[in-house]
Amino acid sequence: MKKKVSIIIIALILFIGGLTIGFLLNNDGERIPERGNDTSGLTEDSNAQDIGTPGGIIGSGTADSISIPGFEKMTIPANQKTVPCDIFNPEYNPCYFVAVITLDGGAEIYRSGLIAPGKAIYQLTLAAPLDKGEYPATLTYYCYSLNDKTELNGATTHFILEVT
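So in my numbering, the last spot in the sequence shown is 176, and the numbers never skip.
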C-alpha cells in the first residue's frame, strides 16, 4: 500500500513539475506583439503631435542609442477617460515607441500606437476612468525599427499616477 501511495505522489510531482516547466518555457511575458509575429499591423498613433517641449523637458542624445524618457509622477483628473499627459519619443531616437501604462497588479489602462521620433502624445484615452487617489504605475516602452518595425530593446519605468 505504501509503495502505491509513493508511486502516486511521485507521479503527481512529475506531472506538476512538467506543467510548470512547460508554462515557463512558453510564457515570456506580455509582448506587443509577441516575438516573431507580424508587426505590419502596427500603425502610427493618430494622436501623436510634434514634440514641442513636453513638461519643460529638453533632451539630448545620439542616433546610435535609444533615449527613454521617464517621470516620477503623472497627474490626471478623476472620473475622466480622456486626460492630459506628456508621453514622447525624443526626436533623435532611431526607433518608434509603443507606450503602455499599467497599474500595479497588471491592469492595462492605456496603449498607444506607434509614436515616431519627434512626436508626443499630449492627451490619451484611458481604458476606464479612475477614482481619486495615488496609484503605483508602470510605463513600458516597446521599441521598433523605423525601417521594418523589427522589435528592439524596450524599457520599463515606474511612477505614481496621481488622480485628483
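For glycine and all other residues, C-beta sits at the position ideal for the given N, C-alpha and C.
Using the rule of at least 16 other Cβ atoms within 10 Å of the residue's Cβ for burial, across every protein chain shown, is residue i buried or exposed?
| i | result |
| --- | --- |
| ILE20 | exposed |
| GLU163 | buried |
| ILE69 | Below a pLDDT of 50, predicted positions are generally treated as unreliable, and ILE69, at 47, falls in that range; no measurement from the model is reported. |
| SER58 | exposed |
Thinking C-alpha only, which one of the options is nearest residue i?
| i | options | result |
| --- | --- | --- |
| SER77 | GLY125, ASP57 and CYS107 | CYS107 |
| GLY166 | CYS97, ALA111 and SER58 | ALA111 |
| LEU142 | PRO89, TYR104 and ILE113 | PRO89 |
| ILE80 | ASP98, GLN92 and LYS14 | ASP98 |
Just to confirm, are residue i and residue j a CB contact at a threshold of 7 Å?
| i | j | result |
| --- | --- | --- |
| ASN101 | LYS131 | yes |
| ILE133 | ALA60 | yes |
| THR168 | THR150 | yes |
| GLU103 | PHE171 | no |
Report all residues from its chain with a CB closer than 6 Å to the CB of residue i; omit the five preceding and five following residues, and keep chain order.
| i | result |
| --- | --- |
| LEU54 | LEU126 and LYS161 |
| LEU173 | MET86, TYR147 and ALA149 |
| GLN92 | PRO141 |
Determine, using beta carbons only, whether residue i comes closer than 7 Å to chain D.
| i | result |
| --- | --- |
| SER79 | Among the chains of the structure shown, chain D does not appear; only one protein chain is present. |
Residues in the same chain with beta-carbon distance under 7 Å from residue i, minus the five sequence neighbours each way, listed in chain order, please.
| i | result |
| --- | --- |
| ALA128 | GLU56, ALA60, ASN101 and TYR108 |
| LEU158 | PRO106, CYS107 and TYR108 |
| THR176 | THR87, PRO89, ALA90 and LYS144 |
**Report entry** Secondary structure, alpha helix (DSSP H): runs of 4+ residues fully inside the segment 67 to 140
**Finding:** none
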